[in-house]
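Undergrad: Here it is: the structure, laid out below.
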Amino acid sequence: MSTHIYWTVETIVREGKLEELKNLMQEMVDATKANEPGTLNYEWTISEDSKRCSLYERYADSAAAMTHSASFMKNFAGRFVGCLEIKKMVVHGRPADDLKKALAAQGAMFMSPFGGFAR
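Given below as structure tokens:
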């Protein structure tokens, strides 16, 4: 089984916050790409009407995901929730206890491997 941890986050863009969100998203993407080599995917998508935003994040392992989570909380969390209302976060894989605790505090739901394969 893979050591990868990944999650999806479904959000609503707060009224009047789209331009601020665009700037924040770019700052977060740049920081993650530059400083977190264990981040394998960090992808943002937005609905056609720009009212919903989804994130897909995949990490090499729990340690890499924990590094990202700590950076997010320190540098971006306040502005993130100022722009986006989190509706759902689903975490996949086998996160270590420290990561699971950190993500549970953010309201995450956890899904464990059940079958299949990864290439």
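Here the sequence shown is numbered in numbering that gives the first Met the number 0, starting from 0 and rising by one per residue.
Glycine residues also receive a C-beta, built at the ideal position from the N, C-alpha and C atoms.
Does DSSP classify T2 as helix, strand or coil?
TA: In the sequence shown, counting from the first residue as 1, residue 2 sits at position 3. In the structure shown, T2 sits in coil (DSSP, three-state: anything other than H, G, I, E or B).
Undergrad: Taking the CB atoms as reference points, tell me whether Y58 and I4 lie closer together than 7 Å.
TA: To locate residue 58, count along the sequence shown from 1; it is residue 59. To locate residue 4, count along the sequence shown from 1; it is residue 5. In this structure, Y58 lies near I4, with their beta-carbon atoms less than 7 Å apart.
Undergrad: By Cβ distance below 6 Å, which residues in the same chain neighbour E9 in space, the five residues on each side in sequence not counted?
TA: The residue given as residue 9 occupies position 10 in the sequence shown. Within the same chain, E9 has close Cβ partners S53, K86, K87.
Undergrad: Can you name, in chain order, every residue of its own chain whose Cβ lies under 8 Å from the Cβ of K32, other than the five neighbours on each side?
TA: The residue labelled residue 32 in the question sits at position 33 within the sequence shown. Answer for K32: T38, Y41, listed in chain order.
Undergrad: Between which residues of its own chain and I45 is the CB-CB distance below 6 Å, once the five residues before and five after are set aside?
TA: For the purposes of this step, residue 45 is identified with residue 46 of the sequence shown, where counting begins at 1. Result list for I45: C52, in chain order.
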